[in-house]
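Written out below as structure tokens is the structure these notes cover.
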Amino acid sequence: MSLQDYGWNEFFAEAFDKLEASDLDPARVTRAAANIFRVRGETYHGQATLAGKLRHDAVTSAELPAVGDWVAIRCSATGDARIDALLPRRSVLSRNVAGARTSEQVVAANVDLVIVMMGLDGDFNLRRLERYLTAISESGARPVVLLNKTDLCDDLAARVGEVKSVALDVPVLPASCKHGDGIEAVRAEVGQGRTAVLVGSSGAGKSTLINLLLGKTVQPTRQTREDDDRGRHITTHREMFRLPGGGLLIDSPGIRELQLWGGERSLSQAFDDVEALARACRFRDCGHQSEAGCAVIAALENGVLAAQRLESYRVLQKELRHLETKQSAQRAQKQKWRETHREYRRFTKKRRE
Ligand SMILES: Nc1nc2c(ncn2[C@@H]2O[C@H](COP(=O)(O)OP(=O)(O)OP(=O)(O)O)[C@@H](O)[C@H]2O)c(=O)[nH]1
Ligand SMILES: [Zn+2]
């Protein structure tokens with residue numbers, strides 16, 4: 030298997046050359062747990078540990094290798110591998126960690142495509158989809174919406190229309206993973222050397238899709254897990270799989286929600302319709318409440334813009350502004366920490382001399 034089969038390209042080759050380390054080899058992280066990684070290099074394929082320096086220098090966990098990352102590994106004579114460097118990321122899908130804390134968590138790195146999977150059953154929810162598309166918009170990856178369980182839907186055309194009204198230019202692919210319908214279109218999106226990450230609520234059908242694309246069971250689906258609840262314990266993990274067609278697919282089981290991480294800029298892509306209207310308002314700082322010459326209110330009144338769509342925009346905007354305030358306070362704190370850390374190193378080095 031060549032590195033290209035795993036998505037290696039000029040961008041990473043250049044970054045790797047800059048390390049000027051002939052004793053290191055490039056490899057891609059296919060699985061990342063707390064301390065143990067699985068990597069795929071040209072010749073090495075297996076577990077890898079993380080060099081202490083990398084761990085100590087990381088101020089946040091987002092600076093540690095994540096699934097999809099390209100790293101430089103050092104292989105020992107005994108056959109072990111250690112990650113010595115993390116190559117720059119071309120794109121990164123992040124979310125805020127679950128719970129009350131504000132902290133970036135990398136869902137997947139170096140992804141070209143984010144597949145948002147939504148079931149056409151009780152999972153169908155346009156507001157949640159808007160949230161997903163907003164969360165993705167700063168990743169640098171292209172989104173597609175996969176509407177699964179067409180076999181349970183009576184009026185597919187209507188549902189697709191609703192999705193398009195909020196997904197705008199994002200492609201919408203209907204499929205039934207249970208029956209294998211529409212799968213070729215998904216396979217075509219995740220083309221040779223391209224990396225996709227699959228996100229969506231629990232039960233949307235992510236594991237079913239992965240197993241179908243791979244032609245074997247690699248992730249337990251809910252059905253099999255239910256059977257298993259009575260017996261063995263199955264752990265699920267984020268992992269990158271290479272599809273028979275050549276693409277790479279990262280599953281994200283256990284991620285219940287893609288908590289927003291980006292800033293207000295996220296809205297310019299996901300809510301391009303609202304923002305385009307806002308640009309036509311008479312006042313630049315228009316709050317779209319009752320201002321004269323407000324193009325957004327005018328669009329609401331003549332039915333061009335749905336009230337719910339504007340409401341979503343407002344809710345997400347408020348949330349992102351709040352998040353930005355917290356993030357900048359945190360950045361300042363981290364900068365301070367970095368400086369203290371540097372000072373301390375200088376001090377201990379001097380003492381040794
Ligand atoms: N009717 C129907 N059911 C489906 C389809 N795809 C998946 N399912 C069922 O939906 C349930 C959930 O599927 P999973 O693949 O486990 O869902 P998941 O997204 O991986 O869920 P988590 O692992 O919890 O994140 C299972 O019972 C599947 O058999 C489909 O196209 N049609
Ligand atoms: Zn306005």
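The sequence shown begins at 30 in the numbering used here and counts up by one. Glycine residues also receive a C-beta, built at the ideal position from the N, C-alpha and C atoms.
In this model, residue 61 and residue 76 are separated by some 10 Å (Cα to Cα). Ligand 2 never approaches residue 328 closely enough for any of its heavy atoms to be under 7 Å from the residue's Cβ.
In this structure residue 56 is buried. Its beta-carbon is surrounded by 16 or more other beta-carbon atoms within 10 angstroms.
Residue 369 and residue 94 have their C-alpha atoms roughly 24 Å apart. Residue 192: member of the alpha helix (DSSP H) spanning 185-196, first to last residue. Relative to residue 232, the option among 226, 65, 149, 100 whose CA is nearest is 149. When DSSP states are grouped into helix, strand and coil, residue 210 belongs to the strand group. For residue 245, the CB stays at least 7 Å from every heavy atom of ligand 1. Around residue 115, the same chain offers 83, 94, 98, 100 as residues with beta carbons nearer than 7 Å, after the five sequence neighbours per side are excluded. In the structure shown, residue 314 falls within a coil segment according to DSSP collapsed to helix, strand and coil.
As DSSP reads the structure, residue 279 sits in a beta bridge with 226, 269. In chain order, 222 place their CB closer than 7 Å to the CB of residue 33, counting only its own chain and leaving out the 5 sequence neighbours on each side.
In the DSSP assignment, residue 61 falls within the unbroken beta strand (DSSP E) covering 54-61.
Neighbourhood of ligand 2, defined by CB distance below 5 Å to any of its heavy atoms: 310, 315, 317, 323, 325, in chain order. The Cβ-Cβ distance between residue 68 and residue 78 does not fall below 8 Å.
Within the segment 48-111, complete alpha helix (DSSP H) segments of at least 4 residues are found at 81-86, given in chain order. Nearest to residue 168 by alpha-carbon distance, out of 378, 235, 137, 331, is 137. Ranked by how close their Cα comes to the Cα of residue 182, the residues 196, 204, 200 have 204 in first place.
Counting along the chain, residue 137 sits inside no alpha helix (DSSP H); it lies in the beta strand (DSSP E) bounded by residues 133-138. Ranked by Cα distance from residue 282, the first of 196, 267, 322, 47 is 267. The three-state reading of DSSP puts residue 124 in strand, counting E and B together.
The secondary-structure analysis by DSSP pairs residue 205 across a beta bridge with 210. Rounded to the nearest angstrom, the Cβ distance from residue 335 to residue 324 is 15 Å, too far for a contact under 8 Å.
If you check the CB distance, residue 104 and residue 46 do not come in under 8 Å.
In the DSSP assignment, residue 145 falls within the beta strand (DSSP E) that extends over 142-148.
Note on geometry: alpha-carbon atoms of residue 312 and residue 305 lie some 14 Å from one another.
Sorting 63, 108, 113 by C-alpha distance to the C-alpha of residue 48 places 113 at the top.
Comparing alpha carbon positions, the residue from 194, 178, 227 closest to residue 209 is 178. Listed as beta-bridge partners of residue 349 by DSSP are no residues whatsoever.
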